[in-house]
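Residue numbers (my numbering): 66 to 445.
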């Protein structure tokens, strides 16, 4: 692992930041292109070209520690957690120590060059003479089918092929894997934790959202090795990357920005529509990694909210019983949030919602009651 102490954070083929953990060097080359989770966290380090006083040395060490913490945190948070279904199988196959420390996750990030489908960052090492973005871009290059099989089905297989794979940097708790379809587009396959219930709910919710004026990721039903999966196309491109809600809030807090105010300035309409959707489908699982924003990978401009996705925990039984359950946005219940949002945006059904759109009668009746509560017409 020694060679991984020194590397360059790259945005495609542009050098963004040089890092040397041993020499405690953190040299920013393109400040504008720094990853959002690092922006505002780096400390200026006094020059080491001359003798420093004891006080200057203390400041230098403190700044170096802060910079190391920022880079380590960014790298560690790009790597799957051990708590994800089948993660231990992946760790075992790749001969990674099964500990969930930041240090171990950074080692994994180094091995897979921290590549992710969410953005276009990667790591370049000093002996990478011929390695460039076209060689590591997981959107264009062949995927490691062995790791994908382990990620989705939890098999004991022998590792083959490159470890530069999105399977090591895909978050979430459910078993999932990336597949490339015949049209060369990447699709994410996801299994439920309890048989196929969650996967079927994901597809059901996608079909429901098709009948609302809401931008969302479309899920389809599929099969992989005889098992029911829900699957969706990758929503990022070379130009459009994702800033998760968790990263956005952290970035705002670090840089003295009010995240609540700023997110409404960027795309209040989509935020409000998300509140309404979560109420209608009794979604208890809206968290900082399944909402967020697109940003331009070249200008770093935040463009607006990405489409809604990840609704496999919707129609939770306890949540369906409680319209006044707490909501993560503001000091409101989920019903209060939805009622407030209805006054702010034009939200409506674009096609009739019927009993056939639901798996169970309970889900249908819950949806009807919540639509009525908001004064929405179009359910029959």
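Every residue gets a Cβ at the ideal spot worked out from N, C-alpha and C, and that includes glycine.
No experiment lies behind these values; they were computed from the predicted model shown.
query, result
"Candidates 241, 345, 223 and 170: closest to residue 444 by CA position", "345"
"For residue 365, three-class secondary structure by DSSP", "coil"
"Close beta carbons around residue 275, own chain, < 6 angstroms, minus the five adjacent residues each side", "none"
"First and last residue of the uninterrupted beta strand (DSSP E) at residue 256", "Per DSSP, residue 256 belongs to no beta strand (DSSP E) and is neither H nor E."
"Reduced DSSP secondary structure (H/G/I, E/B, other) of residue 67", "Below a pLDDT of 50, predicted positions are generally treated as unreliable, and residue 67, at 48, falls in that range; the measurement from the model is reported next regardless. Three-state result, residue 67: helix."
"Contact under 9 angstroms by Cβ, residue 267 with residue 132", "no"
"Residue range of the unbroken beta strand (DSSP E) whose run includes residue 491", "Nothing can be reported for residue 491, as the shown portion of the chain is limited to 66 through 445."
"Classification of residue 66 by the beta-carbon crowding that lies within 10 angstroms, buried from 16 upward", "Unreliable positioning characterises residue 66 in this predicted model, as indicated by a pLDDT of 43, which lies under 50. A coordinate reading is not provided."
"9 angstroms Cβ cutoff met for residue 179 and residue 216", "no"
"Close beta carbons around residue 214, own chain, < 7 angstroms, minus the five adjacent residues each side", "220 and 222"
"For residue 153, the first and last residue of its enclosing beta strand (DSSP E)", "Where residue 153 is concerned, there is no enclosing beta strand (DSSP E), although the alpha helix (DSSP H) it sits in stretches over 152-158."
"Contact belief for residue 319 with residue 172 at Cβ below 8 angstroms, rounded distance in angstroms", "That belief does not hold up - the Cβ atoms of residue 319 and residue 172 are roughly 26 angstroms apart, past 8 angstroms."
"Stretch pair the region 414-426 + the region 359-378: three plus CB contacts closer than 8 angstroms", "no"
"At least 3 beta-carbon pairs within less than 8 angstroms: the region 308-324 vs the region 346-356", "yes"
"Backbone secondary structure at residue 422 - three-state DSSP", "helix"
"Proximity below 9 angstroms, CB of residue 299 to CB of residue 204", "yes"
"Cα-Cα separation between residue 200 and residue 388, rounded to whole angstroms", "50 angstroms"
"Nearest residue (CA-CA) to residue 167, options 327, 136, 154 and 210", "136"
"Proximity of residue 237 and residue 149 at Cβ, strictly below 9 angstroms", "yes"
"Rounded separation between residue 257 and residue 285 - CA only", "14 angstroms"
"Every unbroken beta strand (DSSP E) within the region 166-244, with a cutoff of 3 residues, ordered by chain", "186-190"
"Between the CA atoms of residue 147 and residue 165 - distance to the nearest angstrom", "6 angstroms"
"In DSSP terms, what residue 248 is bridged to", "Note: residue 248 sits in no beta bridge, so no partner."
"Nearest-angstrom Cα separation, counted from residue 255 out to residue 95", "37 angstroms"
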